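In mature numbering (1 follows the signal peptide of the UniProt record, and there is no 0), the protein residues as written are -23 to -1, 1 to 177.
Structure follows, in structure tokens:
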């Protein structure tokens, strides 16, 4: 029926990407099965960053001064050692049916962590009539949770107490700032999509 599974990176074969992984673990798949698997697998995405990493960057703008005048740049606490890297591939299972899969490394800064994640999804495509394609796709993110750590603030006669690092200099009581710590499940980055394509 002339179906074309989506291949955003020009149907780049995944042999180079997956070859090293499968070579390191030959017991996972028998050789013929591994070769067939590679023949039907294509790179969809190789990128850095995520919606959760972008949320951290937005939240970490600005800074404030401590009581002794020392400046605090929030960026120093929320800069990752290595950015969140994502690798996603698609394996064609049959005509018009594919599974998508991949991993994200996660990232860590001094005051936050994005956990590693596993991507699992699907692509279903059907040619409704000539030049008309209907595609259902979706992807679930397993893991990838974003969590933020608090700071210990010295409030003079009130003593030291836990506080949201980003809101330590606001008018909010320290204990209330903890309600605004970043805490987002990776599951919120899961998605479903329907696409209709007609070529004139």
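Note that beta-carbon positions come from the ideal geometry of N, C-alpha and C, so glycine has one too. Note that the structure is a prediction, hence the values are computed from the model and not measured.
Does the Cβ of residue i have 16 or more other Cβ atoms within 10 Å, making it buried, or fewer, making it exposed?
i	result
residue 133	exposed
residue 61	buried
residue 21	buried
residue 85	exposed
residue 119	exposed
residue -14	For residue -14, the predicted model reports a pLDDT of 35, less than 50, meaning its position is unreliable; a value from the coordinates is still stated below. It is exposed - the Cβ of residue -14 has fewer than 16 other Cβ atoms within 10 Å.
residue 57	buried
residue 148	exposed
residue 154	buried
residue 176	exposed
residue 67	buried
residue 27	buried
residue 59	exposed
Nearest-angstrom Cα distance between residue i and residue j?
i	j	result
residue 94	residue 166	11 angstroms
residue 121	residue 19	23 angstroms
residue 46	residue 152	23 angstroms
residue -2	residue 135	With a pLDDT of 46 at residue -2, under the threshold of 50, the modelled position of this residue cannot be trusted, and the question is left open.
residue 163	residue 101	24 angstroms
residue 89	residue 112	37 angstroms
residue 157	residue 78	33 angstroms
residue 174	residue 16	26 angstroms
residue 127	residue 53	15 angstroms
residue 32	residue 91	11 angstroms
residue 75	residue 103	12 angstroms
residue 150	residue 35	23 angstroms
residue 87	residue 24	23 angstroms
Might you give, ordered along the chain, the residues of its own chain that have their beta carbon closer than 6 angstroms to the beta carbon of residue i, omitting 5 neighbours on each side?
i	result
residue 146	41
residue 169	115
residue 49	40 and 41
residue 137	129 and 131
residue 37	51, 52 and 55
residue 98	77, 115 and 116
In this structure, how does DSSP classify residue i when only helix, strand and coil are distinguished?
i	result
residue 90	strand
residue 175	strand
residue 28	helix
residue 41	strand
residue 182	Any question about residue 182 goes unanswered here, given that the chain covers just -23 to 177.
residue 65	strand
residue 151	helix
residue 119	strand
residue 162	coil
residue 82	coil
residue 125	strand
residue 53	helix
residue 133	helix
Return the chain-ordered list of same chain residues with a C-beta closer than 8 angstroms to the C-beta of residue i, the five sequence neighbours on each side being excluded.
i	result
residue 196	Outside the modelled stretch of the chain, which goes from -23 to 177, sits residue 196, for which no answer is possible.
residue 29	61, 91, 121, 123, 161, 163 and 166
Within the same chain, show all residues whose beta-carbon is closer than 7 angstroms to that of residue i, passing over the 5 residues directly before and after it, in chain order.
i	result
residue 43	49
residue 172	112
Cβ contact (3+ pairs, closer than 8 angstroms) linking the region 137 to 151 and the region 99 to 113: The answer is no - the region 99 to 113 does not touch the region 137 to 151, with fewer than three Cβ pairs under 8 angstroms.
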